[in-house]
Amino acid sequence: MARRPGIRLRAKDQLTEIMASYFSGLGQADREGRPVAWCTSVGPAELLRAMGFEVYFPENHGAMLGATRTAEHVMPLAHSQGFSPDICSYLTSDIGAFLAGMTPLTKSHGLAHVPMPAVLVFNTNQCREVKDWFTWYGRKLGVPVLGIHSPRGLDAIDAELVAYVAGQLRVLKDDLAPIAPVPFHLQALQRTMALSKQASVLWRECLETTAASPAPWTFFDHTIHMAPIVVLRGTETAVSYYRSLLEELRALASTGQGAVPGERFRIYWEGMPIWGRLRALSELFSERGVALVASTYCNSWILEGQDPQDPWTSMAETYLSIFICRSEAFKQAYIIEKARELTAGGFVFHDSKTCPHNTNSRFGMPQRICKATGLPVLVLEGDLNDPRCFSLEEARVRIEVLLEQMEEQEGAP
Ligand code: SF4
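The following block contains the structure:
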């Protein structure tokens, strides 16, 4: 029994409600002058929530600009400020939208504008771009920009590195104190970390249900249902949401209900979503019986290493351990292992033009993975938000070739 691609899981209604409540809460905080902190997507949201901030995530806004295909209209405004068209198209979309005085949140949630920040907090564990992005707003709006500088490209996470980042987290807590709505209390941080950990475990368990064949949901669903683990980490809402979603997914898996009609191929998607083309790609894959069963991108918010009993060290270690912060060798081993667990028979590497950090096809990894696993690999040129970098027609042809290779492998003795 199969459902249409772009699947409407029952949990989608609950998702719509909680996202509406999250954004209307931000709008209300903005109107009432309550402090809103802007945070990078793998920044210290648990600390900000523990100190009473409403937390807003510009990358989530960037993804909305991509998904609504607004990005292409506003990016030129950021380019005209000197931001190269070759750098992060989340950054150029978001700053472009700000300069244009528009946001998709007006249509979707009735916000006149994005909530104004009292402070901007980054972590460079994902890239340097987030610091430049927030620094631009800091200058423009005259608000403080605080952050964590994380080393990247890591093989192992040793005690020295962890201590370096843990020290910065403690300093951040002190620097936030004069701006924060409530004083820092260790118990409050322990509570948000415990909730963040619980939501992370549930999110991982949800993603792991794609091990079932047929898979009850795919990468395209993951990109929609990941919203709470990004923007509501450290809240009861996220925990409760992923509990319901997991129950639904397990029920679908146990009764053999797949997201893709007649699932025939299982593929690992490595890299970022192409936000403006999610539906078209979902249909393209689904019509060919392809389930995208895994992605490192959506796994990136499994932040279950947090230990409320050892908050600073475990938070530092958890946020240093994320995939994007790791070495090429670590990433390669991780991808091969995940593909094996989820029985993927091929790989698509998205070479995302404006995000080198979430692109892992530029230093020979696809070739090495192909050699190590014997499975076919396709590198697809595209971008997270910039439509000039992606051709659906070209993708269609290249995906057909990949599927022929997978078919030949199936038939091989
Ligand atoms: S990781 Fe990539 S997409 Fe995300 S903010 Fe950094 S450059 Fe942009």
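Just so you know, the working numbering puts 493 at position 372 of the sequence shown, and the rest follows in order with no gaps.
For glycine and all other residues, C-beta sits at the position ideal for the given N, C-alpha and C.
Please read these numbers as outputs of a predicted model, since none were measured by experiment.
Closer than 8 Å to some heavy atom of ligand 1: that describes the Cβ of methionine 393. Within the segment 438–478, the complete beta strand (DSSP E) segments of 3 residues or longer fall at 467–473, listed in chain order. Closer than 8 Å to some heavy atom of ligand 1: that does not describe the Cβ of threonine 256. By the Cβ neighbour-count rule, alanine 141 is exposed, with fewer than 16 other Cβ atoms within 10 Å of its own. Asparagine 181 and valine 286 do not touch by the CB rule: their CB atoms are close to 23 Å apart, not below 8 Å. For asparagine 244, the shortest C-beta to heavy atom distance toward ligand 1 is 8 Å or greater. Taken atom to atom, the span from the alpha-carbon of arginine 409 to that of arginine 385 is near 8 Å. In this structure, ligand 1 has a non-hydrogen atom nearer than 8 Å to the beta-carbon of isoleucine 445. Between tyrosine 440 and arginine 273, the alpha-carbon positions lie close to 11 Å from each other. Relative to ligand 1, the beta carbon of asparagine 481 is positioned no closer than 8 Å to any heavy atom.
Using a 10 angstroms sphere on the CB of serine 271, the tally of other CB atoms reaches 16 or more, which defines it as buried. Apart from the 5 residues on each side of it in sequence, alanine 132 sits with its Cβ closer than 6 Å to the Cβ of Ser365, Leu366, Glu369 in its chain, given in chain order. The beta carbon of valine 360 sits closer than 8 Å to those of Leu316, Gln319, Ala320, Leu323, all from its chain and outside the five residues before and after it, given in chain order. Counting along the chain, arginine 387 sits inside the beta strand (DSSP E) bounded by residues 386–391. In the three-state DSSP reduction, isoleucine 345 falls in the helix class (H, G or I).
Aspartate 215 counts as buried, since no fewer than 16 other beta carbons sit within 10 angstroms of its beta carbon. Relative to ligand 1, even the nearest heavy atom lies 8 Å or more away from the CB of cysteine 510. By the neighbour-count criterion, in which a residue is buried when 16 or more other Cβ atoms sit within 10 angstroms of its Cβ, glutamine 308 is exposed.
For glutamate 167, no pairing in a beta bridge is given by DSSP. Exclusion of the five residues before and after alanine 239 leaves Pro156, Val157, Ala158, Val264, Ile300 as the residues of its chain whose Cβ lies within less than 7 Å of its Cβ.
Straight-line measurement puts the Cα of histidine 234 at about 44 Å from the Cα of threonine 464.
DSSP places tryptophan 257 in the helix class (H, G or I) of the three-state scheme. In the DSSP assignment, leucine 267 forms a beta bridge with Val242.
Per DSSP, the unbroken beta strand (DSSP E) holding glutamate 502 starts and ends at 498–503. In terms of Cβ geometry, leucine 505 and aspartate 472 do not form a close pair [threshold 9 Å].
Counting along the chain, no alpha helix (DSSP H) covers serine 416; the unbroken beta strand (DSSP E) around it starts and ends at 411–416. The C-beta distance from leucine 310 to leucine 267 rounds to 16 Å, too long to fall under 8 Å, and the pair is not in contact. The distance from the Cβ of alanine 450 to that of aspartate 276 is about 6 Å, consistent with a contact at the 8 Å cut-off. According to the DSSP secondary-structure assignment, leucine 275 is paired through a beta bridge with Arg447. Counted as a single uninterrupted DSSP element, the alpha helix (DSSP H) harbouring glutamate 408 occupies residues 399–408.
When Cβ pairs closer than 8 Å are counted between the two stretches, the segment 380–400 is seen to touch the segment 408–422, the count reaching three or more. DSSP lists no bridge partner for alanine 298.
The distance from the Cβ of glycine 148 to that of glycine 231 is about 7 Å, consistent with a contact at the 8 Å cut-off. For alanine 221, the closest alpha carbon among the candidates Ala199, Phe204, Ala415 is that of Ala199. For serine 145, the closest alpha carbon among the candidates Leu523, Gln488, Lys228 is that of Lys228. Distance from the CA of valine 195 to the CA of proline 179, rounded to the nearest whole angstrom, comes to 15 Å.
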